[in-house]
Each structure stands twice: as C-alpha cells, then as structure tokens.
Amino acid sequence: YADVVCAALDDRDADVVVVAHSLAGPTGTLIAARRPVRHLVYLCAVVPAPGLSLVDQGDEMVNPDWDKGLSQPDAELRTRWVDRGMAKAMFYHDCDESTVTAAFSRLRPQSAYPFMAAFPLPQLPTVNCTYIACAEDRLIDPAWQVHTARNIGASLEVILSSHSPFFSQPRALADALMRV
Numbered sequence: 004y005a006d007v008v009c010a011a012l013d014d015r016d017a018d019v020v021v022v023a024h025s026l027a028g029p030t031g032t033l034i035a036a037r038r039p040v041r042h043l044v045y046l047c048a049v050v051p052a053p054g055l056s057l058v059d060q061g062d063e064m065v066n067p068d069w070d071k072g073l074s075q076p077d078a079e080l081r082t083r084w085v086d087r088g089m090a091k092a093m094f095y096h097d098c099d100e101s102t103v104t105a106a107f108s109r110l111r112p113q114s115a116y117p118f119m120a121a122f123p124l125p126q127l128p129t130v131n132c133t134y135i136a137c138a139e140d141r142l143i144d145p146a147w148q149v150h151t152a153r154n155i156g157a158s159l160e161v162i163l164s165s166h167s168p169f170f171s172q173p174r175a176l177a178d179a180l181m182r183v
C-alpha cells in the first residue's frame, strides 16, 4: 500500500500531511519513513511496533469481537464484512441509518497480510505526529489510543466519536486536522 501512495506523491514536495485511519497506521508510518512529509496523523489507527506484526502486538488494542462480522477467508486469505449489524456496532454506532447503509456498501475485502506481516522498520520515523483518538471507538480501545499517542510522543486530539469520525463527527475531525 505504501508503494502506491509514495508513487502517487512522487511529484510532490514535503508539504504533505499523511492521515492514516485504522489499519492504515502501518502504511502511513512507512510513507513517512520513505519520503519527506510535513506531518503524520494517526486517526484511531493501529501504530506499528518495529519488528512485530499487528497480531504479535497483542489483543489489548482491539475489541476481541472485531472479526465476528467477517466472512471466512477466501482463497487469497481475504475477508469481507457480511454482518451489517456487527459492522455498525464496531464502526458506525453513532451514525444515522442512511450513513450506515452507504458506508457498509463501500466496505471492501481485506487481506490478512497486513495483520500478519512484521513491521519492517527498526524504529518509527522521526516526523511531526498527531494522534486523533476517538473516545467512543468500539474497535480500537480508546485508552490504548491515548496511551499509544503519549508513548510515541505524538500531539493528542480526542474526538467524541465512533471509529468513523469522518461520517459521525466531520466538523470535529476537520477542526482537529486544521490544527495540524
């Protein structure tokens, strides 16, 4: 994923703000390590631990029921969300029904690889960083988000939102991003 983003940014200068949501945390980290960026924002994201896979990082960061709404893996080890109610509970519990329906219809298959691959860098990149924690997140533990932000030395913003603040709290998210 990072290769695709870095290629798309080839002609850009360093005035780039990378916003990494959820499972894109490792991707955003790799982008910031590979090219100059002005700022890295983790948005209720998993922050990689050097040398460890997300599975190896431990279960304390994610809701133990997170995978209950997923299909069985296909031949390429991809799963997809099949249970709208579980997706709503994990991602969109503070959204109206029309937003949940639209968001659920846009969910795509996800490879198991990002969960199982060890993060390849020996350390996190040195870059200006903000962590936007979502206090009502039911997927990634809000206390873990705050602890992680402090642990990596990131500036911390907290939004009263589910895992999907771009749907449920777009103004609060925009305000937080404007402070970057």
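All you need for the working numbering is the position in the sequence shown, starting with 1, plus 3. Glycine residues also receive a C-beta, built at the ideal position from the N, C-alpha and C atoms. Quick caveat: nothing in here was measured; it's all calculated off a predicted structure.
Sub-8 Å separation of VAL7 and LEU46 beta-carbons: no
DSSP three-state assignment for SER158, whether helix, strand or coil: strand
Whole runs of the alpha helix (DSSP H) within the region 55-89, excluding any shorter than 4 residues: 57-60
Backbone CA spacing between ALA5 and ASP99 [nearest angstrom]: 33 Å
Hey, is the region 152-170 in contact with the region 66-85, meaning 3+ C-beta pairs nearer than 8 Å? no
Identify whether THR129 lies in helix, strand or coil by the three-state DSSP scheme. coil
Going by CA-CA distance only, name the one from ASP62, VAL40, MET89, ASN66 that's closest to SER229. Any answer about residue 229 is impossible in this case: the structure gives the chain only from 4 up to 183.
Is GLY54 buried or exposed, if buried means 16 or more other CB atoms sit within 10 Å of its CB? exposed
Whose C-alpha, out of PRO39, VAL44, ARG38, is nearest the C-alpha of THR133? VAL44
What are the uninterrupted segments assigned as alpha helix (DSSP H) that are 4 or more residues long and contained completely in the region 93-142, given in chain order? 100-109, 116-119
To the nearest whole angstrom, what separates the beta carbons of ALA146 and LEU163, a pair I think is in contact under 8 Å? At roughly 15 Å, the Cβ-Cβ gap does not stay under 8 Å, so ALA146 and LEU163 are not in contact.
Note down the Cα distance separating ALA152 from LEU159, rounded to an integer number of angstroms. 6 Å
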